[in-house]
Amino acid sequence: MDEETGPPAPQYQWKSYCRTLSLLAFQSFGVVYGDLSTSPLYVYKSALSGRLNNYRNEATIFGLFSLIFWTLTLVPLLKYIIIVLSADDNGEGGTFALYSLLCRHAKFSLLPNQQSADEELSTYYQPGVGGPATSSPFKRFLEKHKKLRTCLLIFVLFGACMVIGDGVFTPAISVLSAISGLKDPGPGGIPDGWVVFIACVVLVGLFALQHRGTHRVAFVFAPIVVVWLLSIGVIGLYNIIHWNPRIFIALSPHYVVKFFKITGKDGWLSLGGVLLAMTGTEAMFADLGHFTAASIRLAFVGAIYPCLVLQYMGQAAFLSRNMSDSDLEQSFYQSVPSLACITVMFVTTWLMALVIIFVWQKNILLALLFLVAFGSIEAVYLSAAVIKVPQGGWAPIAFAFVFMLVMYVWHYGTRRKYLFDLQNKVSMKWILTLGPSLGIVRVPGIGLIYTELVTGVPSIFSHFVTNLPAFHQVLVFVCVKSVPVPYVPVDERYLIGRIGPREYRMYRCIVRYGYKDVQKDDENFENHLVMSIAKFIQMEAEEAASSGSYDSSEGRMAVIHTEDTTGTGLVMRNSNDEAEGTSLTRSSRSETLRSLQSIYEQESGGLSRRRRVRFQIAEEERIDPQVRDELADLLDAKEAGVTYIIGHSYVKARKNSNFLKTFAIDYAYSFLRKNCRGPAVTLHIPHISLVEVGMIYYV
1 MDEETGPPAP
11 QYQWKSYCRT
21 LSLLAFQSFG
31 VVYGDLSTSP
41 LYVYKSALSG
51 RLNNYRNEAT
61 IFGLFSLIFW
71 TLTLVPLLKY
81 IIIVLSADDN
91 GEGGTFALYS
101 LLCRHAKFSL
111 LPNQQSADEE
121 LSTYYQPGVG
131 GPATSSPFKR
141 FLEKHKKLRT
151 CLLIFVLFGA
161 CMVIGDGVFT
171 PAISVLSAIS
181 GLKDPGPGGI
191 PDGWVVFIAC
201 VVLVGLFALQ
211 HRGTHRVAFV
221 FAPIVVVWLL
231 SIGVIGLYNI
241 IHWNPRIFIA
251 LSPHYVVKFF
261 KITGKDGWLS
271 LGGVLLAMTG
281 TEAMFADLGH
291 FTAASIRLAF
301 VGAIYPCLVL
311 QYMGQAAFLS
321 RNMSDSDLEQ
331 SFYQSVPSLA
341 CITVMFVTTW
351 LMALVIIFVW
361 QKNILLALLF
371 LVAFGSIEAV
381 YLSAAVIKVP
391 QGGWAPIAFA
401 FVFMLVMYVW
411 HYGTRRKYLF
421 DLQNKVSMKW
431 ILTLGPSLGI
441 VRVPGIGLIY
451 TELVTGVPSI
461 FSHFVTNLPA
471 FHQVLVFVCV
481 KSVPVPYVPV
491 DERYLIGRIG
501 PREYRMYRCI
511 VRYGYKDVQK
521 DDENFENHLV
531 MSIAKFIQME
541 AEEAASSGSY
551 DSSEGRMAVI
561 HTEDTTGTGL
571 VMRNSNDEAE
581 GTSLTRSSRS
591 ETLRSLQSIY
601 EQESGGLSRR
611 RRVRFQIAEE
621 ERIDPQVRDE
631 LADLLDAKEA
641 GVTYIIGHSY
651 VKARKNSNFL
661 KTFAIDYAYS
671 FLRKNCRGPA
681 VTLHIPHISL
691 VEVGMIYYV
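The sequence shown: position 655 = 655 (UniProt numbering), numbered continuously.
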């Protein structure tokens with residue numbers, strides 16, 4: 001294109017960036033700021049309740065507004081918008097994102113499946129942030145004591161579960177508070193029953209739209225929230241001018257001090273109502289993955305903050321001149337979400353202090369300053385909110401406690417099961433003494449043995465060959481693991497290695513996923529696996545030729561880019577000939593099994609859509625004879641078929657275990673396992689090729 005006819009590239013990119021930023025900021029109104037923008041409905045009604053209702057004077061109202069203003073300024077604006085949003089995990093936010101950052105920069109994880117190769121992921125360390133945290137006495141102290149790391153995990157789980165508990169009640173409370181504004185105390189008002197019915201209809205409609213996706217919901221509700229914000233901002237400005245323009249002097253923090261001097265303990269108790277002004281603040285960080293930090297900051301600074309300040313200021317101006325009982329009525333249910341809201345903020349403050357030390361690698365004094373500055377504010381609010389626990393605040397705590405128990409029991413059982421596998425894995429010395437045939441009959445085909453171990457041979461293999469002394473000519477130990485990053489690029493997902501000498505034809509494949517990755521049914525998993533192993537064989541041979549020696553030591557792993565098929569020594573061609581069959585049905589299988597396979601493919605849409613290919617060794621490439629033989633064995637095994645072997649495990653507590661451990665493993669963890677999807681479903685394994693091996697874990 002002619003440079004004179006088109007806009008300069010930087011200018012075009014800037015316009016595109018501004019357009020995208022504006023669109024995301026607009027969408028964030030409908031997703032992030034729903035709770036925060038509706039908080040003026042009940043903050044003053046809740047704060048001016050109880051004993052504080054006896055202090056009906058201008059100084060009290062001014063002090064209450066000053067308290068709300070500085071709360072909004074210090075916590076949502078200063079803490080979240082300026083500081084916390086900068087601690088994103090590759091664009092993701094929330095409690096688990098902070099914990100993931102800490103686990104990557106310090107050894108805080110309780111599951112010992114980390115590998116040095118994980119640190120080479122492009123998403124492991126963020127640009128502009130250093131690598132692993134430098135060793136310090138504080139870091140070594142936390143890493144050394146397992147109980148402290150367990151406490152950190154429980155602390156994180158409790159914060160995350162409080163978000164869930166808050167999410168259970170907040171939508172219903174916000175909608176009910178909004179609909180209750182339709183009530184009229186006169187004889188023609190809407191009765192309470194109709195208010196509840198209308199609120200239920202609205203809630204059903206809101207949740208019915210959720211499955212449409214975040215972006216569609218955002219476009220539906222964003223205009224409503226924007227109109228609402230503009231309305232309350234204009235109304236607040238009108239109330240300021242009409243009722244009491246002197247309210248501007250209450251922006252001074254002097255009125256906060258004056259407020260507590262007048263009200264004393266009663267003012268401290270009212271903080272539970274003031275806390276409602278921050279309801280939904282944590283959503284700015286928790287929903288960061290749907291938007292960007294810049295778009296959330298733009299929406300808050302450009303619209304949310306000024307409109308809320310004007311509305312709270314206008315309400316204070318109105319109340320300073322109108323303080324009848326009807327103006328100060330308060331709804332009981334509005335005390336429920338405050339405790340959950342401030343608890344999550346308190347957890348975030350402590351985690352942010354650790355992030356400042358270990359991730360940002362700043363001085364510990366800076367972290368202490370952050371902790372004292374914001375932790376003290378939130379501790380005061382938390383102490384006031386605890387008073388309301390008997391009045392309804394117990395509900396989100398109860399929900400959070402149940403959810404936390406479920407999460408921790410699952411984590412505990414999974415960790416004990418992994419440690420059992422780790423302690424009972426087969427030694428390489430035993431494998432090497434068996435010879436290339438492994439002391440069993442090697443039948444045609446590829447055997448995929450699924451295990452959670454990232455090193456060594458799992459006990460399920462020895463258990464299988466002990467009961468059935470035959471196995472496939474090519475063995476691949478597949479480990480599907482979760483890495484403490486949001487996303488793992490597809491090209492960096494497969495980690496391939498070899499187990500034992502080359503003649504054994506034993507390999508290891510580690511498939512890595514982030515905590516935000518969705519493990520979809522990979523229709524070409526078998527083809528990707530064969531290409532990855534072939535590429536690893538070629539890479540290994542090239543390294544051996546360049547170094548002059550061959551090293552088949554256990555633990556050598558290489559990242560294989562599945563999208564790049566060069567360097568494999570193989571040619572992949574489509575196989576559309578029905579006479580040839582599929583990759584799972586070959587001449588080595590009986591006619592009965594072929595018939596079952598055909599029926600299964602017809603009934604299962606997933607298998608019928610799989611790409612049918614045939615592999616051939618490239619004739620034009622110069623390949624080492626040993627490498628060619630190994631590739632030929634791999635292709636012959638692929639043509640014979642692929643079998644998936646997983647463990648059908650039963651986890652039991654040891655006889656000498658205490659009551660708490662026995663109950664957690666034998667009852668709670670077993671109940672969760674029975675009511676969750678099995679590994680075959682989670683891993684999308686075709687049932688026609690599945691073999692399950694019974695295993696008992698005494699942990």
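For every residue, glycine included, the Cβ atom is placed at its ideal position computed from N, Cα and C.
Buried or exposed by the 16-neighbour rule on C-beta atoms within 10 Å, applied to residue i
| i | result |
| --- | --- |
| Ser57 | Note on identity: in this sequence residue 57 is Asn, with Ser being the wrong assignment. Exposed is the call here. |
| Cys103 | buried |
| Cys151 | exposed |
| Thr170 | buried |
| His687 | exposed |
| Val257 | exposed |
| His254 | exposed |
| Ala398 | exposed |
| Asn656 | exposed |
| Tyr504 | buried |
| Ser100 | buried |
Three-state class that DSSP yields for residue i in the structure shown
| i | result |
| --- | --- |
| Leu110 | coil |
| Gly647 | strand |
| Pro137 | helix |
| Cys200 | helix |
| Cys676 | coil |
| Glu92 | strand |
| Leu660 | helix |
| Gln126 | coil |
| Pro501 | coil |
| His561 | coil |
| Val227 | helix |
| Lys481 | strand |
| His472 | strand |
| Phe615 | strand |
| Met428 | helix |
| Lys15 | helix |
| Lys652 | strand |
C-beta contact flag for residue i and residue j at 8 Å
| i | j | result |
| --- | --- | --- |
| Ile262 | Phe62 | no |
| Met557 | Gly500 | no |
| Phe615 | Val478 | no |
| Val217 | Val518 | no |
| Ser28 | Ile232 | no |
| Ser383 | Asn424 | no |
| Val175 | Leu203 | yes |
| Gly267 | Tyr33 | no |
| Arg512 | Val483 | yes |
| Val691 | Tyr650 | no |
| Ala400 | Phe158 | yes |
| Tyr669 | Trp410 | yes |
| Ala178 | Leu319 | no |
| Phe65 | Ala277 | no |
| Met404 | Cys161 | yes |
| Leu288 | Leu85 | yes |
| Ala293 | Asp88 | yes |
Spatial neighbours of residue i in its chain, beta-carbon cut-off 7 Å, leaving aside the 5 residues before and after
| i | result |
| --- | --- |
| His463 | Val693, Met695 |
| Ala286 | Gly93, Gly94, Val163 |
| Tyr17 | none |
| Gly273 | Val43, Ser46, Ala47, Ser49 |
| residue 757 | As shown, the chain starts at 1 and ends at 699. That puts residue 757 outside it, with no answer to give. |
Same chain, Cβ closer than 6 Å to residue i, neighbours up to 5 away in sequence not counted
| i | result |
| --- | --- |
| Tyr381 | Leu271, Leu275, Ile342 |
| Val480 | Val511 |
| Ser39 | Leu276, Ala277, Thr279 |
Contacts around residue i, its chain only, beta-carbon distance under 8 Å, and the 5 residues preceding and following it disregarded
| i | result |
| --- | --- |
| Phe138 | Ile357, Ile364 |
| Lys362 | Ile356 |
| Val301 | Leu77, Ile81 |
| Ser689 | Leu584, Gly641, Val642, Thr643, Tyr644 |
If contact is defined by three or more beta carbon pairs under 8 Å, each pair taking one atom from either stretch, is the stretch 488 to 505 in contact with the stretch 443 to 451?
no
Determine, using beta-carbon pairs with one atom in the stretch 372 to 390 and one in the stretch 349 to 364, whether at least three such pairs fall under 8 Å.
yes
Segment contact, 8 Å Cβ cut-off, at least three pairs: the stretch 296 to 312 with the stretch 105 to 115:
no
If we count Cβ pairs, one from each stretch, closer than 8 Å, do we get three or more for the stretch 403 to 423 versus the stretch 651 to 670?
yes
Are at least three pairs of beta-carbons, each pair with one atom in the stretch 467 to 481 and one in the stretch 632 to 642, less than 8 Å apart?
yes
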